[in-house]
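Enquirer:
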Amino acid sequence: MIEIEINGNVVKAKAGEMLIQVTDREGISVPRFCYHKKLSVVASCRMCLVDVEGAPKPQPACSTPVNEGMKVHTQNDKAKASQKAVMEFLLINHPLDCPICDQGGECELQDVAVEYGSDISRFSESKRIVPDGDIGALIQADMTRCIHCTRCVRFGLEIAGMMEMGGTGRGEHLKIEPFLKEGIQSELSGNMIDVCPVGALTSKPFRYELRSWQMHSMPNIARHDLVGSNLFVQTYKGKVKRVVSADNDLINETWISDRDRFSYEGLTHKNRLLEPQIKVQGQWQQVSWKVALDYAVKGLNSHVLKHQKVNQLGGLASSTATMEEFYLLKKILTEVGCDNIDHRLNVKNLDNVITLDSNIKLGALEKIDYALIVGANIRLEQPMINHRLRKATKKGADIDELNVMAFDFNHPLDTKNITAPNKIAPTLAGVLKSIMISNTQELPDYLLAVEVGEVANNIAAKLLNSRSSVIILGEHIINNEDASTIANLITQIAQNTNSKTLNLSITANTMSANWVGFVPQNSGMNVNTMLASDMRGFILLDIYPQYDFHDLETAVKAFTKDDTFVISLNSFKDDIVAGYSNVILPIASVYETSGTQLNINNDMQSYTAAVKAPDEVKPAWKVLKVMADLLALPSFHYADSAQVLAEIFHQPQTKHTHDENVNLTSKHHGISIIWQNSPYSIDAVLRHSNALQKTKIGQMNSAYMNQASAETLGLSADDKYLGVPVVITNTVADDCVFINANQAVNTQGQT
Amino acid sequence: MISIDAKKQIDAWILKYPKDRQSSAVMQALKIVQAENKNRLSADTIQAVADYLDMPGIAVQEVATFYENYNHKKVGKHVIRFCHNISCMLNGADDLILHLENKLGVKTGEVTPDGLISAKKVECLGACVGAPMFQINDEYFENLTADKIDQIVDNLK
Amino acid sequence: MIKKLSKLVKSFTLSELRTGLKITAKELVNKKITVQFPEERTPISPRFRGLHALRRYPNGEERCIACKLCEAVCPANAITIESEMRDDGTRRTTMYDIDLFKCIFCGFCEEACPVDAIVETQIFDYAFESRQGSIMTKKRLLEVGSENTQVINQTKFEDAKYK
């Protein structure tokens, strides 16, 4: 620690840190445009010039390291004069179109100009005009307003990991633009809107709608991935108009993914379900809540409860539900006396599930020196977690992948191991064997016959040599024939090498579902058993079977049976849901309900509703509570969701039993299919947000396979496989079709 | 996109820089690729150079648009790069550029109808001592006057 | 004593009455200053703040760009604006309402307007026949603007040199 003097006050500072960091910490205002706390320092705008005693000229605070005894004046005549001079230069080419600029009112240039700008311009020559291209569906460019701070360029290079914007031309002709005609494609691109200090980059869906001062800002939590990014929901007259990021260094730093930023558009989609509906003699009728709930409860009573057939009732929820909703649905079913609950709709074989704990914090992920990614396209599936990994690679970490396809990463990979799905478990067994041999441990029986290949040896050596490593298990494994074996091998490898593990095979709020134990216990049936057996009633929470189930047909068949009474709670209209349901209850979507999200760090983050749900739409936790009341179940006395959460805390937390079996005998032949909903199609709100669907990631819809697999399946590049256009590429492993689909057909049960 | 011969030339330049610093060869690579593509660069050729040097396309575009010796539009057989930076400007470059335009019958940035000559205004070429000056292809012509320009241009074939 | 005496003399000579009648007699022959409203009207300052109007450019394009500064500055919250991107890509209002019951005719909206779109005209004699009538919609405001284009242009021109 050293001491420096700023404006006559002595303050403490760390030697070598930049002056602007000290002034920011001390709350001394220094104007700036190009400096951003999370980006590199370029000192190009010169707005932060301050007077340092002893220096002949004013120094930029953002790139002047502090040293002992330094005397700085941020507000004396010399500093002010230089700041005003810089401001005058910046304003030479900046247009006076603040009244039509969406940044107006929250613009850094506007704010600084009030203090440092001059009333009258001395510039009478003509101003520079920059023609704008279309740079994508999410960001609107008005580059005449650009002041060349290059924050967006540095954001692309340093944070998003793909340099998309750049400064082309020279001198007065310098302009910031993307090179590709397709525009900006990063999955974090929306942050450029936040970092832009002027109105050059603004939100396209929000264009010209409102001024910043008209909206209320409500803190909320993103619900589309395992991170639970902190954000502000900005609302006007009860509608969500914009979402911007909030700072939380432990979770999302200051960034949010495009998925979290633009999903709100889905809330006002014309497909929103606005009124309760009941099906009477095959005809849908829009009715009041009272009628609908009475009908639902009567249906449950007559189909299930009255006949003592409680074990023929099932409750299924998608992973997007809140913790309170999982808990209440579970509680209803438990209190009427059945344990048939599940959220693992997408898992083919529930005797073969992944049980793997995540034991590394997001912050610690930056400090690892080796990571092994197994079965994940982590950049698109968990953008904010990938961002931490990318930071680790910048500090020199090695990352290996063990994937079925070579995905685009935005950080360098040490080795790309592209492996057929049925070879993943043997490879990991090889890694474990290699490690145990190195550690001179006695080998268990199942490893004796395992061959250790070069890939396995490499990975083992890196794991053994690293100080802190992590093994990441991704979504592509959930339907692998060896899923549980892979998870168990990873657990053992981690134990033997002191590695951490990160389980990214789950999505959205699955952590909460596991926390409240939303899986069948005791004699309860799991989802696949339920669908296969003779069920008489279902309560379905926000389920769209064509996206959520691994086998659409079986699910729909189970729901459609004549004597099966189905209560669906949904946010959006859906033909298939309407086809099998008896009652459809409209429930609130993201930002419309209070609830709790549990992220991969085990941070429990509660949020309140930012807006009231439209029309007759109610939050699902309330619907479930009232339904319980009507079923005459005691102990559902909740005034708000916080009371539900309080009760959850008093429950004994469900412990997962680890099945430690490693079974390497499975002989899977033929072609395996890995079906992934594309990143912007993973839940109903995202599927209904127009701008996201127009992006390149939103348009992803391909079945990737290599030439050999295509020949085996008798397909060529113009064909469709399971309704998805075929792309033949040698980046896919043998015997494997990797599907990234944004469409509504999901028949991944086939092999 | 890039011929084998050009790749060989670029590789020779890459070897001059430390390992993993192949992007340092970007200016030479652009020059080589431009030479074999009718003396101009298109978005595709720029992307090809980017791919070959493992750089983002926009980073190569930045270089290609910063320096005046890369052409992005159709150019003539001879390219006149007329400096109009401060020293040349003070010595009357603006008038001489007008004179050149009249002489050629086309504006700067355009090509004469016979495809022989194109002229463009460029930033400082580092020959302020002989201002005003221009460069034709790789040759500098200094201390220009209207008469001298006429003479030089007439001699271009 | 003398004061009392002088008062007595004044009252007996009807001095006050004559002073009053003198003014009456003078005004009897002077030029009249009252006017026959509404047939006749008194002159109004160009800076008068009466009924609002939205102006158009000479080419017919509406001036308002939906910056909402008038809405923000309005001390009585009388203005409500909604905006969108028009098909040609420009920023325009879809709704521009002024509630005349709320309006206090302070003229801040006119001051705040960067494009001189919202102005206060010299019209002060207007009436509504329903409660709804107090809302000046965008359509009505533009009508007032185009009906009084000349007067507005004239008064704004006259006032411009003092701004």
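Here the protein sequences line up with chains D, C and W, keeping their order.
Just so you know, we're using the numbering used here here: the first sequence kicks off at 2 and counts up by one.
Just so you know, we're using the numbering used here here: the second sequence kicks off at 851 and counts up by one.
Just so you know, we're using the numbering used here here: the third sequence kicks off at 988 and counts up by one.
Backbone N, C-alpha and C fix where the C-beta goes; we use that ideal spot for every residue, glycine too.
Computed from a prediction, not measured in an experiment: that's the story for all the values here.
Can you grab the Cα-Cα spacing for the pair GLY750/D / ASP576/D, in whole Å?
Expert: If you number the first sequence from 1, residue 750/D lands on position 749. If you number the first sequence from 1, residue 576/D lands on position 575. Note that GLY750/D has pLDDT 41, beneath the 50 cutoff, so the model's placement of it is unreliable and no number is given.
Enquirer: To the nearest angstrom, report how far apart HIS689/D and VAL1060/W are at their CA atoms.
Expert: As a working mapping, residue 689/D is identified with position 688 in the first sequence. As a working mapping, residue 1060/W is identified with position 73 in the third sequence. Taking the straight line from one Cα to the other gives about 37 Å.
Enquirer: Apart from the five residues on each side of it in sequence, which residues of its chain come closer than 8 Å, Cβ to Cβ, to GLU266/D?
Expert: Within the first sequence, residue 266/D is the residue found at index 265, counting from 1. Only PRO206, HIS689, SER690, ASN691, ALA692, LEU693 meet the Cβ criterion.
Enquirer: For ALA614/D, which residues in the same chain have their Cβ closer than 6 Å to its Cβ, ignoring the five residues on either side in sequence?
Expert: Walking along the first sequence from the start, residue 614/D turns up at place 613. Counting only Cβ-Cβ distances below 6 Å, and skipping sequence neighbours, we find ALA589, GLU593.
Enquirer: Quick one: what's HIS928/C bridged to in DSSP?
Expert: Against the second sequence, residue 928/C aligns to sequence position 78. DSSP output for HIS928/C lists ILE967/C as bridge partner(s).
Enquirer: For a minimum of 4 consecutive residues, which ranges assigned as the alpha helix (DSSP H) are wholly contained in the region 1036 to 1096 of chain W?
Expert: If we require 4 residues or more, the alpha helix (DSSP H) runs fully inside the region 1036 to 1096 of chain W come out as 1056 to 1060.
Enquirer: Who are the near neighbours of VAL53/D in its chain, counting only those whose CB is closer than 6 Å to its CB and skipping five residues on each side?
Expert: Here residue 53/D corresponds to residue number 52 of the first sequence, with the count starting at 1. Excluding positions up to five away in sequence, the list reads GLN60, VAL73.
Enquirer: Quick check on the burial criterion: 16 or more other C-beta atoms within 10 angstroms. Buried or exposed for THR752/D?
Expert: As a first step, residue 752/D is located in the first sequence; it is residue number 751 there, counting from the start. Residue placement at THR752/D is poorly supported in this model, since its pLDDT is 33, which falls under 50; the coordinates still yield a value, given next. Label assigned to THR752/D: exposed.
Enquirer: On the three-state DSSP scale, how would you describe MET193/D?
Expert: For the purposes of this step, residue 193/D is taken as residue 192 along the first sequence, with counting starting at 1. Correct three-state label for MET193/D: helix.
Enquirer: Using beta carbons (cut-off 8 Å, strictly below), is THR915/C in contact with chain D?
Expert: Here residue 915/C is taken as the residue at index 65 of the second sequence, counted from 1. Closer than 8 Å to some Cβ of chain D, the Cβ of THR915/C qualifies, so yes.
Enquirer: Grab the span of the alpha helix (DSSP H) containing TRP516/D for me, first residue to last.
Expert: The residue labelled residue 516/D in the question sits at position 515 within the first sequence. 511 to 517 is the extent of the alpha helix (DSSP H) around TRP516/D.
Enquirer: For GLN751/D, which three-state DSSP category applies?
Expert: The residue you call residue 751/D lines up with position 750 of the first sequence. With a pLDDT of 40 at GLN751/D, under the threshold of 50, the modelled position of this residue cannot be trusted; read the value that follows with caution. Coil at GLN751/D, not helix or strand.
Enquirer: Enumerate in chain order the residues of its own chain whose CB-to-CB distance from LEU414/D is below 7 Å, with the five nearest sequence positions on each side excluded.
Expert: For the purposes of this step, residue 414/D is taken as residue 413 along the first sequence, with counting starting at 1. Closer than 7 Å at the Cβ level, and outside the excluded window around LEU414/D, lie ILE400, ASP401, GLU402.
Enquirer: Which residues in chain W have a C-beta closer than 8 Å to the C-beta of PRO100/D? List them in chain order.
Expert: On the first sequence, residue 100/D is found 99 positions in, with the first residue counted as 1. Per Cβ cutoff of 8 Å: ILE1052, CYS1054, LEU1056, PRO1101, VAL1102.
Enquirer: Consider the Cβ of TYR209/D: report whether some Cβ of chain W lies at a distance smaller than 8 Å.
Expert: Reading the first sequence from its first residue, position 208 is the one you call residue 209/D. Closer than 8 Å: yes.
Enquirer: Would you mind working out which of ILE1020/W, LYS1125/W, GLN1141/W sits nearest THR1029/W, comparing C-alpha positions?
Expert: If you number the third sequence from 1, residue 1029/W lands on position 42. That would be ILE1020/W, whose Cα lies nearest to the Cα of THR1029/W.
Enquirer: Name the DSSP bridge partner or partners of SER569/D?
Expert: Taking the first residue of the first sequence as 1, we reach residue 569/D at position 568. In the DSSP output, where bridge partners are listed per residue, SER569/D has LEU541/D, ILE585/D.
Enquirer: Any beta-carbon of chain D closer than 8 Å to the one on ALA1059/W?
Expert: Numbered from 1 along the third sequence, position 72 holds the residue referred to as residue 1059/W. Chain D contact via Cβ: present.
Enquirer: Looking at chain C, is there any beta carbon in it that lies within less than 8 Å of the beta carbon of PHE180/D?
Expert: For the purposes of this step, residue 180/D is taken as the residue at position 179 of the first sequence. Yes, contact with chain C.
Enquirer: For the alpha helix (DSSP H) that PHE34/D lies in, which residues bound it at each end?
Expert: For this step, residue 34/D is matched to residue 33 along the first sequence. Run containing PHE34/D: none; DSSP gives neither H nor E here.
Enquirer: What is the residue span of the alpha helix (DSSP H) that ALA14/D lies within?
Expert: Counting from one through the first sequence, the residue named residue 14/D turns up at place 13. No alpha helix (DSSP H) holds ALA14/D; the beta strand (DSSP E) holding it covers 10 to 14.
Enquirer: I need the straight-line Cα distance from GLN1109/W to LEU1038/W, nearest angstrom please.
Expert: Locating residue 1109/W in the third sequence gives position 122, where the first residue counts as 1. Locating residue 1038/W in the third sequence gives position 51, where the first residue counts as 1. Cα to Cα, GLN1109/W sits roughly 7 Å from LEU1038/W.
Enquirer: Tell me whether the beta-carbon of ARG389/D lies closer than 8 Å to the beta-carbon of HIS412/D.
Expert: What you label residue 389/D is simply residue 388 of the first sequence in a count that begins at 1. What you label residue 412/D is simply residue 411 of the first sequence in a count that begins at 1. Against a cut-off of 8 Å, the Cβ pair of HIS412/D and ARG389/D comes out as no contact.
Enquirer: Output, in sequence order along the chain, the residues in the region 882 to 915 of chain C whose CB is closer than 7 Å to any CB in chain D.
Expert: Residues PRO906, GLY907, ILE908, ALA909, GLN911, GLU912, THR915.
Enquirer: Rounded to a whole number of angstroms, what is the C-alpha to C-alpha distance between ILE585/D and SER569/D?
Expert: One-based indexing of the first sequence puts residue 585/D at position 584. One-based indexing of the first sequence puts residue 569/D at position 568. So the alpha carbons of these two residues sit roughly 5 Å apart.
Enquirer: Is it right to say ALA495/D is buried, meaning 16 or more other beta carbons lie within 10 angstroms of its own, or is it exposed?
Expert: Working through the first sequence from its first residue, we reach residue 495/D at position 494. Flag for ALA495/D reads buried.
Enquirer: Are the region 555 to 572 of chain D and the region 522 to 536 of chain D in contact at 8 Å, needing three or more beta carbon pairs?
Expert: In short, these stretches touch, since the Cβ pair count reaches three.
Enquirer: Using a Cβ cut-off of 7 Å, pull out every chain W residue sitting near ARG212/D, in sequence order please.
Expert: Sequence index remark: in the first sequence, residue 212/D carries index 211 (1-based). Under the 7 Å cutoff, chain W gives LYS1055.
Enquirer: Using the three-state DSSP reduction, which class does PRO726/D fall into: helix, strand or coil?
Expert: By one-based count along the first sequence, residue 726/D stands at place 725. Correct three-state label for PRO726/D: strand.
Enquirer: Between the region 597 to 607 of chain D and the region 300 to 319 of chain D, can you find at least three pairs of beta-carbon atoms closer than 8 Å?
Expert: Judged by Cβ distances under 8 Å, the region 300 to 319 of chain D makes no contact with the region 597 to 607 of chain D, as fewer than three pairs qualify.
Enquirer: In whole angstroms, what is the alpha-carbon distance linking THR492/D and ASP259/D?
Expert: As a first step, residue 492/D must be located in the first sequence, where it is residue number 491. As a first step, residue 259/D must be located in the first sequence, where it is residue number 258. About 33 Å.
Enquirer: Comparing alpha-carbon positions, which option in ASN1017/W, ARG1073/W, GLU1107/W, ASP1075/W lies nearest ILE1085/W?
Expert: Stepping through the third sequence from its first residue, residue 1085/W is reached at position 98. Out of ASN1017/W, ARG1073/W, GLU1107/W, ASP1075/W, GLU1107/W has the C-alpha closest to the C-alpha of ILE1085/W.
Enquirer: Can you name the start and end residues of the alpha helix (DSSP H) that ALA457/D belongs to?
Expert: What you label residue 457/D is simply residue 456 of the first sequence in a count that begins at 1. Looking at the DSSP string, the run of the alpha helix (DSSP H) that includes ALA457/D is 455 to 466.
Enquirer: In the DSSP assignment, what residue or residues form a beta bridge with GLY168/D?
Expert: For this step, residue 168/D is matched to residue 167 along the first sequence. The partner list for GLY168/D (beta bridge, DSSP) reads ILE177/D.
Enquirer: Let me check one thing: in DSSP terms, what residues is GLU254/D bridge-paired to?
Expert: Here residue 254/D refers to the residue found at position 253 when the first sequence is read from its first residue. BP columns for GLU254/D point to ASN249/D.
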